[in-house]
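Okay, structure first, notes after.
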Amino acid sequence: MKNSLNTFMSILILAVLAAGVYFIVQTVRESAAAAANAATAPFQGIQEANSSMQTQVAQLLNPTPTIIPDPVTYINEIRAIARLETIQYSIEKVITAEVGQGTFGFAFGDKLLFVAHGVVIAGIDMEKLQPGDMRLENGVLYVKLPPTEIFIATLDNEKSYVYDRETGLLTKGFTDLETLARQTAEDEIRKAALEDGILTQGQTNAENYLLKFFTALGYKMVVFEH
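In my numbering, each number is its position in the sequence shown, counted from 1, plus 417.
Following this line, the structure appears as structure tokens:
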């Protein structure tokens, strides 16, 4: 009986000692962690300040533009239009623009290749149709349509781009070279559409469309005069 009591007391003492050792170890670990955090806190502050400064410098060197539209809108003109668009061309054109391509072109020259995507739309302005341009004789409707014209000839800026550019060793490039290339591209796109017969095809499309229109109105015979 006495031996059992001694054994129980020994186990109890060991348990108390183990609990005390665990408590001491945990306290030491927490103290060490707190000390480590306190020691690194100044460096973390420095890193955060350095990161903030780098961000500010980046914003200064590469500023993001702020666009503020004026809340007041001025409408200068409103005009009714009666345009019948009858044909559209989508055209791609490569434009070479260059300056200073002489003997010292390697030093002062500037050359770029501009890939232009444009749209040309043609049709008939029905507002120009006069009462005398339509007459009915013996059941036949005679119609003289206004001439076909180009309404829009412009670049598609989302698809147009500078494919390549070569500048001389001693120059930063000609400032307006791309602008000139774009202007030339618009002219060339318009010219290409005209050469391909956009006006003639636009006239044919207009007559085909209006023939169906007049027929639906009850005119059995329609003649387009030129």
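Ideal Cβ positions, reconstructed from N, Cα and C, are used throughout, including at glycine.
On a predicted model such as this, the values are computed, not experimentally measured, just so you know.
Contact check for Ala533 against Glu515 fails: the beta carbons are separated by 8 Å or more. Glu515 carries a strand assignment under DSSP once its states are collapsed to helix, strand and coil. A residue is called buried once 16 or more other Cβ atoms fall within 10 Å of its Cβ, and Arg552, having fewer, is exposed. Distance between Gln620 and Ile541, taken at the CA atoms: about 8 Å. For Leu611, the three-state secondary structure derived from DSSP is helix. In the three-state reduction of the DSSP assignment, Ile485 falls in the coil class.
Under DSSP, the beta-bridge partners assigned to Ala533 are Lys510. Linking Tyr506 to Ala602 through their CA atoms gives a straight-line distance of about 15 Å. DSSP places Lys561 in the uninterrupted beta strand (DSSP E) bounded by Val557 to Lys561. Using a 10 angstroms sphere on the CB of Leu634, the tally of other CB atoms stays under 16, which defines it as exposed.
Contact fails between the region 484 to 495 and the region 563 to 577, because fewer than three Cβ pairs, one in each stretch, are under 8 Å apart. Here Ile512 really is in contact with Ala598; their C-beta atoms are around 5 Å apart, less than 8 Å.
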